[in-house]
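Engineer: In this note's numbering, the protein residues as written are 4 to 240.
Input: one structure, supplied below.
Structural data, given as structure tokens:
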């Protein structure tokens, strides 16, 4: 089914991106023949549309990619009859959502003070967009705090609401969410940085971000641990 023919209300919801479709098709072809892939893809599209029926409208959000592409991944996982281990698809999901960080890592190094300050401005801009958008889209990302420790080169911010986490809880798919959350750690590693995060919205009051260059002394006090559900969290040594 072509995306233009999907039975969704375009005034309320957006369609997944070509990048997300490419990711799902790659995953399908890894385990199934062409005919089966075609059949499953149509079922995934219909499941995507079904998911959207009860979702809050966010078609006009500026950062809608972070909302609608994950729903396609949830639809893929719900539909495929043979559930792969999510660790097996972690790199694929990262390439889908944050593959651009491979190229960015060749330019930016958050151990460098100038790059660190530039990153803080980018995070601040994203924060400002989300603070403004939550007024129009109450189901979107709700920001908690956002600050920059200029002296020590540490970026901090948090979400008190994440639409991906809310979606996972509504549809009882919390076990799938870590494969998306973990991409944040992988992205920061590409920028020669470390993400210190002790919890996410799916199981904590907020999702916290503390970002610093991987040579920053603050990062040495933590180690990255994988929980039983596959979620990567930072634990004090």
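Note that the Cβ used here is the ideal one computed from N, Cα and C, for glycine as well.
1. Okay, do the stretch 62-81 and the stretch 132-141 touch, 3+ Cβ pairs below 8 Å being the bar?
2. In whole angstroms, give me the CA-to-CA distance for residue 30 and residue 235.
3. Just to confirm the assignment, what range does the alpha helix (DSSP H) spanning residue 26 have?
4. Please state whether DSSP places residue 51 in a helix, a strand or coil.
5. In this structure, does DSSP put residue 43 in helix, strand or coil?
6. Please report the Cβ distance between residue 16 and residue 55, rounded to the nearest whole angstrom; I am assuming they are in contact, meaning their Cβ atoms lie under 8 Å.
7. Buried or exposed, going by whether 16 or more other CB atoms sit within 10 Å of the CB of residue 67?
8. Do you know offhand how far residue 93's Cα is from residue 13's?
9. According to DSSP, what are the bridge partners of residue 231?
10. Taking buried to mean at least 16 other C-beta atoms within 10 Å of its own C-beta, is residue 188 buried or exposed?
11. Taking 8 Å as the threshold, find out whether the stretch 202-222 comes into contact with the stretch 151-169 through three or more Cβ pairs.
12. Is the CB-CB distance between residue 72 and residue 100 below 8 Å?
13. Taking the C-alpha atoms as reference points, what is the distance between residue 199 and residue 238?
14. Based on Cα-Cα distance, which residue from 227, 214, 102 lies nearest to residue 155?
15. Taking one C-beta from the stretch 28-46 and one from the stretch 79-88 each time, how about it: are there three or more such pairs within less than 8 Å?
16. Give the secondary structure of residue 197 by DSSP, where H, G and I count as helix, E and B as strand, and everything else as coil.
17. Look at residue 126 and residue 158 and say whether their C-beta atoms are less than 8 Å apart.
18. Would you kindly report the start and end of the unbroken beta strand (DSSP E) that includes residue 146?
19. When we look at the beta-carbon of residue 117 and count the other beta-carbons within 10 Å, is it buried (16 or more) or exposed?
20. Return the first residue and the last residue of the alpha helix (DSSP H) that residue 125 is part of.
21. Where DSSP assigns a beta bridge to residue 164, which residues make up the other side?
22. Quick check on the DSSP output: the beta strand (DSSP E) that includes residue 211 runs from which residue to which?
23. Flag this pair as yes or no: are the beta carbons of residue 149 and residue 119 separated by less than 8 Å?
24. Starting from the C-beta of residue 5, find all residues in its chain whose C-beta is less than 7 Å away, skip the five residues before and the five after it, and write them out in chain order.
Structural biologist: The relevant details are as follows:
1. yes
2. Stepping through the chain shown from its first residue, residue 30 is reached at position 27. Stepping through the chain shown from its first residue, residue 235 is reached at position 232. Approximately 22 Å between the Cα atoms of the pair.
3. Walking along the chain shown from the start, residue 26 turns up at place 23. Counting along the chain, the alpha helix (DSSP H) containing residue 26 begins and ends at 21-34.
4. As a position in the chain shown, residue 51 is number 48, starting the count at 1. The answer is helix: DSSP assigns residue 51 an H, G or I state.
5. Numbered from 1 along the chain shown, position 40 holds the residue referred to as residue 43. Here residue 43 sits in helix by DSSP.
6. The residue given as residue 16 occupies position 13 in the chain shown. The residue given as residue 55 occupies position 52 in the chain shown. About 5 Å; that satisfies the 8 Å criterion.
7. Along the chain shown, read from residue 1 onward, the residue named residue 67 stands at position 64. By the neighbour-count rule (16 or more Cβ atoms within 10 Å), residue 67 is buried.
8. The residue given as residue 93 occupies position 90 in the chain shown. The residue given as residue 13 occupies position 10 in the chain shown. Distance between the alpha carbons of residue 93 and residue 13 is about 30 Å.
9. The count along the chain shown starts at 1 and reaches residue 231 at position 228. Paired residues: none, contrary to the question.
10. By 1-based counting over the chain shown, the position of residue 188 is 185. Label assigned to residue 188: buried.
11. yes
12. Along the chain shown, one-based indexing puts residue 72 at 69. Along the chain shown, one-based indexing puts residue 100 at 97. Closer than 8 Å, so yes.
13. Here residue 199 corresponds to residue number 196 of the chain shown, with the count starting at 1. Here residue 238 corresponds to residue number 235 of the chain shown, with the count starting at 1. C-alpha separation (whole angstroms): 8 Å.
14. The residue you call residue 155 lines up with position 152 of the chain shown. That would be 214, whose Cα lies nearest to the Cα of residue 155.
15. yes
16. Mapped onto the chain shown, residue 197 falls at position 194. Of the three classes helix, strand and coil, the one that applies to residue 197 here is strand, per DSSP.
17. Against the chain shown, residue 126 aligns to sequence position 123. Against the chain shown, residue 158 aligns to sequence position 155. A contact, by the Cβ cut-off of 8 Å.
18. By 1-based counting over the chain shown, the position of residue 146 is 143. 145-152 is the extent of the beta strand (DSSP E) around residue 146.
19. Within the chain shown, numbered from 1, the residue matching residue 117 stands at position 114. Exposed, by the Cβ-count rule.
20. Residue numbering aside, residue 125 sits at position 122 when the chain shown is read from its first letter. Run containing residue 125: 116-139, per the alpha helix (DSSP H) assignment.
21. Sequence index remark: in the chain shown, residue 164 carries index 161 (1-based). Answer is 145.
22. Along the chain shown, one-based indexing puts residue 211 at 208. Taken as a continuous stretch (DSSP letters only), the beta strand (DSSP E) holding residue 211 covers 210-216.
23. Locating residue 149 in the chain shown gives position 146, where the first residue counts as 1. Locating residue 119 in the chain shown gives position 116, where the first residue counts as 1. No, the pair does not count as a contact, with Cβ atoms beyond the cut-off.
24. On the chain shown, residue 5 is found 2 positions in, with the first residue counted as 1. Within the same chain, residue 5 has no close Cβ partners at all.
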